[in-house]
C-alpha cells in the first residue's frame, strides 16, 4: 500500500495508538498536534488521507476542514474526523463542512482501520 | 224651526265630514305627501282646542254674570304666547328631545324616569280634567235641550241626552284617536280635524256676533250705547280676582294635558311656535270680540232667567234665525268634541303608558316578545281609558247636578291642572329640583285642590257636609274648605288657587332642598335645564324619506365605509332594488342594529337606530345604558392597556430569561462537550491499547509494558477527573459541609508541601518562608490544605524555569492574611489570565493529565471558607494569592 496519512491530533496516547495501527499495515504516518498550523502542514505534505481530531489547540477541526474544502486541491481529499465531544450537532456540522467520514471516540481499532481503507479506495 | 232630529242629522253629517278629512289627511301623511298638514297655520289652529265649549258658550255667560272678567281666560294664554314665548320654546325643545308623550311622561322623565311620579301625575290629570269633560257634556246637552224645548218638548230628557252625548263622544274619540297606533303619539288626522273645527267655531261665533251687532243692535254705534247702558257697563274690576284668574289661565294653558298634546307632542317644527306666538293671540282676540255684544243683547232681548251660557244659541233662535242657530250649535259642538277628543287622547296615552302597560308588562314573565301583541294591548288600554275618562266626566256631571255655570266648572279644572306647573317649570329651570320635592309638592297641592275646590263643587252636603263648610274638619275652624287657616272672605276660586299653588311651591322647594337627586335625576335635570346647550335644532324631516340615507351615513361612521356599503348593497339586492339604498324594513333595521351592536354595544346601537328612524323614543334607560356601555368600554380598554403593559413586561422578562437560558445552554453545551471530551479521551486510549494488547500476537514485552502503563495512567487520570468533577459539583451546589478545626497555618502549608512532593517527584524547589511563625487559625483545615496542594502541583507541572522554584509566604494584609505562592516560571499570557479559574481552562498542558478543574475547585473552596484566591503576574513569575478572612487573622494576633 504505502499510502501517506497525516494524523492531526493533540493527545499523545491517541497519536501513539493510531500510529501503531496504521504503521503496522504499511502506511506512512505523519503527525501534527497544532490546530493553527494544520492547514499549512496538509498543503505541504499533500497526504492521501487526513485523520483529524475535532478539538485541537489553536483552531478546531471544523474550521480546518472548511478551509481545506474551500481549496479545490483538497476538495476531494479523504478526511476522517474523530471527536470525543460526543454531541450529535458536531456530526451535523462536520458533514455540512464536507467531512468524508465522522467517528466518535472511543473507537474500535478495526472500525478506524476499515474506515481508512475504504476512504482511500473510494478516492482512487 | 229645527227639530232635534234635524240637528242630530246635521251633526252626523258634520262628524262624517270630519272623519273624511281626518282619513284623507292620515292617508296623505302615510304617503309622505302631508307636509301641508303640518303647516304653522294648522299648528296655530290646533292650539285653539284651548277654546272649548266653555269659551264658546261660557264666555258670553261669564260676561253676562261677571262683566269683563271673562277676558282673563284669554289674557293668560296670550301673555304666555307673547311674553313667555321662550318658556314654551324650551318646553317644546325638551319635549321633543326627550320624546315626551304627555305631561306625566315629561315630569317623570325630568325626575329620573320615576314611574311613581308618572302614575301620580296621571291620576291627578284624570281627576283634574274630569270636571272639564263634564263641562263639555253639559254644554252639548244644554244646547240640545234648547232645541228640544223650542221644538219637541220632552223628547229627550237632559239626563239621557247627556248619556248619549257621552256615548257618542266615546265612539268618536275611539274611532279618531286609536284607529292606528303611532309610537310617536302623533295624530295627523286628529290635528287636521281639530284645525277644521277651530275654523268652524270661529266662523260660528263671528257670524252670531255680526248678526247681533248689525242685525239686532243696528251697527257699532248703537251697540256701544247698549253696552254702556247695560249692567256689564257698570262692571268694576276685582283686582285680586283679575290677577289670579289671568295667572290661572296662563298656568292651565301650560299644564293642561291636551295643550301639551297639541303644543309639544304634535309639534312638527319648533319654528311653528314663532308664528303661533302672534297668530294664536289673534285667534283668541277674534273669539272674544263679540262676547260682550252677545251678552248685552242677550240680557236685553231674552226673558229674565234665561241661561246666559246659551245666549249664543238662544239669541239667533229668538230672532228666528234657525240656520244661524244651527251653525252656532255646530261651533259649540266643535268646541266640545275637539276638546274631549284631544283631552281623552292625551289622558288615555298617560293611563296606558304609565299605569296599564307597566302593570301588564310586569305580569308578562318574559316581557313582550310579539310586537302585535303589545299593540293590541296598548290599543285596548287606550280605548278602555277613553271610555273610563268620559264616564268619569259623565258621573261628575250627574253628581254636580249639571246646573253650575260653565266658567265655574272650567276654573275648578284649571286650578287642578295648574298643580303640575311648579314641578314642570321647576324641572326645566332649576337643577336642584328633586323627585321627592316634585312628588310632595304635587300631592300637597292636589290635596288642597280636592279639599278646597273639587269637593265643594258638588255643593253642600253632596260629599262635604255643611258642617265641614262652616266648622272645618272635626270642628277645626282652620280646616274649612273655603277659609283655610281661618282666612275668610276670599273668592273660593282665588282661595283654592292661592293656597294650593303656594303650598305646592313651598313644599316642592322645601323638600327639593333637603333631598338629594339620584344620578339619573341629575343627568336628566341637566338635560332639561340646559336643553339649548345640548340639543341642536330639532329635526324637521320626514322620517320615511330620510331614513335610508341617514342610516347609511351612520353605519359608515361606525362600521367603516366599505363594510357599510357592502351590507346595504346586499340588503338592497335582496329586496330587488338597484343602487345601494334598501328600504328600511323591520328586518333590515334589526340586522343593522346587530351589526352596529358589535361595534358600539347594543344599547347604543338601539338608541342610534331609534333616533334615526324616529320610531321609538330614546328613554332615559337607553341613555343610561349607553353611558354604562361607554363606561364598560372605557374600563375594558383601560384593562386592556394594563394587560398590554403587563404583557410587554412579561415579554421583556421572558426575553431576558431566554437570553440567560440561551447563555446557560451554550455554557452547558460547552461544559458537556468538555466533560465528554475529558472522559472520552482517556477512554479512547484505554480502548485502543487494550484492543492492541488483545488482538496483537507478536508484541514484544517492552511494548506490552508501555501500553499497559498507558492504560494504567489513563485510568488514574479518569479517576482523578471524576473525583474533581464530583468535588466541584458538591462545592458549586453548596452541599459541602465545612469541618471547622483549630490549627496552625504553617502546619497546613508544610503538610501540603509534603503531600504534593510525595505524590510526584519533581525538581521544583519549595521555599517555605516564615515557617516557624505560629499562626493559629480556625477553618476547614483539610479544604485549605487541598487548595495549597493544588497550587503546589500546578507549579510543579507548569513552572518551566530552568531551576523551578516556588516561594510560599504569609503576609498580614488589611484585616486578613495572605498566603502567596510565587513561582519563577513564564507568565501566563494576559488573554488567558481571566480564564484560569474557569472550569476546563488549561494552558500549555503538555502531558494532558489535567482536566483544567484544579483552580476552579480552589476558587470554590476559598469562597466557601469566606476568603478568595487571585492571580498576580509579577516581574519574576506568577503569584497565586490565597486570601484568608478576618476571623483567621484575628486568631493570628
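Residue numbers (my numbering), protein chains in the order written: chain A, 223 to 346; chain B, 21 to 913.
Glycine included, C-beta positions come from ideal geometry on N, C-alpha and C.
Chain B contact for residue i (CB, 8 Å cutoff)
{"i": "residue 282/A", "result": "no"}
{"i": "residue 296/A", "result": "no"}
{"i": "residue 258/A", "result": "no"}
{"i": "residue 247/A", "result": "no"}
{"i": "residue 277/A", "result": "yes"}
{"i": "residue 337/A", "result": "no"}
Length of the line joining the Cα atoms of residue i and residue j
{"i": "residue 605/B", "j": "residue 207/B", "result": "22 Å"}
{"i": "residue 300/B", "j": "residue 27/B", "result": "31 Å"}
{"i": "residue 873/B", "j": "residue 858/B", "result": "8 Å"}
{"i": "residue 916/B", "j": "residue 541/B", "result": "Residue 916/B lies beyond the residue range present for chain B, which begins at 21 and ends at 913; the question has no answer from this structure."}
{"i": "residue 29/B", "j": "residue 118/B", "result": "44 Å"}
{"i": "residue 157/B", "j": "residue 470/B", "result": "21 Å"}
{"i": "residue 87/B", "j": "residue 535/B", "result": "47 Å"}
{"i": "residue 837/B", "j": "residue 902/B", "result": "8 Å"}
{"i": "residue 59/B", "j": "residue 185/B", "result": "32 Å"}
{"i": "residue 464/B", "j": "residue 523/B", "result": "7 Å"}
{"i": "residue 440/B", "j": "residue 519/B", "result": "15 Å"}
{"i": "residue 94/B", "j": "residue 216/B", "result": "21 Å"}
{"i": "residue 70/B", "j": "residue 379/B", "result": "32 Å"}
{"i": "residue 214/B", "j": "residue 133/B", "result": "31 Å"}
{"i": "residue 563/B", "j": "residue 608/B", "result": "With a pLDDT of 41 at residue 563/B, under the threshold of 50, the predicted position of this residue should be treated as unreliable, though the coordinate-derived value follows. Those two C-alpha atoms are separated by around 16 Å."}
{"i": "residue 977/B", "j": "residue 773/B", "result": "The shown model of chain B, from 21 to 913, leaves out residue 977/B, and the question about it has no answer."}
{"i": "residue 766/B", "j": "residue 740/B", "result": "27 Å"}
{"i": "residue 305/B", "j": "residue 109/B", "result": "22 Å"}
{"i": "residue 325/B", "j": "residue 189/B", "result": "30 Å"}
{"i": "residue 274/A", "j": "residue 718/B", "result": "29 Å"}
Contact list for residue i against chain B, beta-carbon separation under 9 Å
{"i": "residue 330/A", "result": "707, 708 and 711"}
{"i": "residue 313/A", "result": "Going along chain B, no residue has its Cβ under 9 Å from residue 313/A, so there is no contact; the nearest lies around 13 Å."}
{"i": "residue 236/A", "result": "701, 704, 705 and 708"}
For residue i, the first and last residue of its enclosing alpha helix (DSSP H)
{"i": "residue 288/A", "result": "283-292"}
{"i": "residue 724/B", "result": "721-752"}
{"i": "residue 94/B", "result": "91-103"}
{"i": "residue 292/B", "result": "292-309"}
{"i": "residue 324/A", "result": "No alpha helix (DSSP H) contains residue 324/A, which is instead part of the beta strand (DSSP E) from 323-326."}
{"i": "residue 243/A", "result": "234-246"}
8 Å Cβ cutoff, residue i in contact with chain A
{"i": "residue 704/B", "result": "yes"}
{"i": "residue 910/B", "result": "Because residue 910/B carries a pLDDT of 40, less than 50, the predicted location of this residue cannot be relied on, and no value is offered for it."}
{"i": "residue 725/B", "result": "no"}
{"i": "residue 897/B", "result": "no"}
{"i": "residue 693/B", "result": "yes"}
{"i": "residue 730/B", "result": "yes"}
{"i": "residue 880/B", "result": "no"}
CA nearest to the CA of residue i, picked from the options
{"i": "residue 416/B", "options": "740/B, 770/B and 148/B", "result": "148/B"}
{"i": "residue 807/B", "options": "846/B, 732/B and 904/B", "result": "904/B"}
{"i": "residue 142/B", "options": "405/B, 323/B and 223/B", "result": "405/B"}
{"i": "residue 227/A", "options": "266/A, 260/A, 234/A and 272/A", "result": "272/A"}
{"i": "residue 629/B", "options": "573/B, 659/B, 664/B and 661/B", "result": "573/B"}
{"i": "residue 346/A", "options": "229/A, 300/A and 304/A", "result": "300/A"}
{"i": "residue 397/B", "options": "815/B, 419/B, 418/B and 369/B", "result": "369/B"}
{"i": "residue 727/B", "options": "333/A, 237/A and 286/A", "result": "237/A"}
{"i": "residue 830/B", "options": "848/B, 851/B and 797/B", "result": "797/B"}
Proximal chain A residues relative to residue i, where beta-carbon distance stays under 8 Å
{"i": "residue 696/B", "result": "306, 307, 308 and 309"}
N- and C-terminal bounds of the beta strand (DSSP E) containing residue i
{"i": "residue 251/A", "result": "250-254"}
{"i": "residue 787/B", "result": "785-788"}
{"i": "residue 898/B", "result": "897-904"}
{"i": "residue 329/B", "result": "Element bounds for residue 329/B: n/a, residue is neither H nor E."}
{"i": "residue 276/A", "result": "It is not in any beta strand (DSSP E) - residue 276/A carries neither H nor E in the DSSP assignment."}
Interface partners of residue i on chain A, CB under 9 Å
{"i": "residue 858/B", "result": "By Cβ distance, chain A contributes nothing, its closest Cβ being about 16 Å from residue 858/B, past 9 Å."}
{"i": "residue 851/B", "result": "Under the 9 Å cutoff, chain A gives no residues; its nearest Cβ is about 13 Å from residue 851/B."}
{"i": "residue 734/B", "result": "235"}
Interface partners of residue i on chain B, CB under 8 Å
{"i": "residue 242/A", "result": "712"}
{"i": "residue 327/A", "result": "700, 701, 703 and 704"}
CB contact check: residue i to chain D, cutoff 8 Å
{"i": "residue 316/A", "result": "Absence of chain D from the displayed structure is noted, the protein chains being A and B."}
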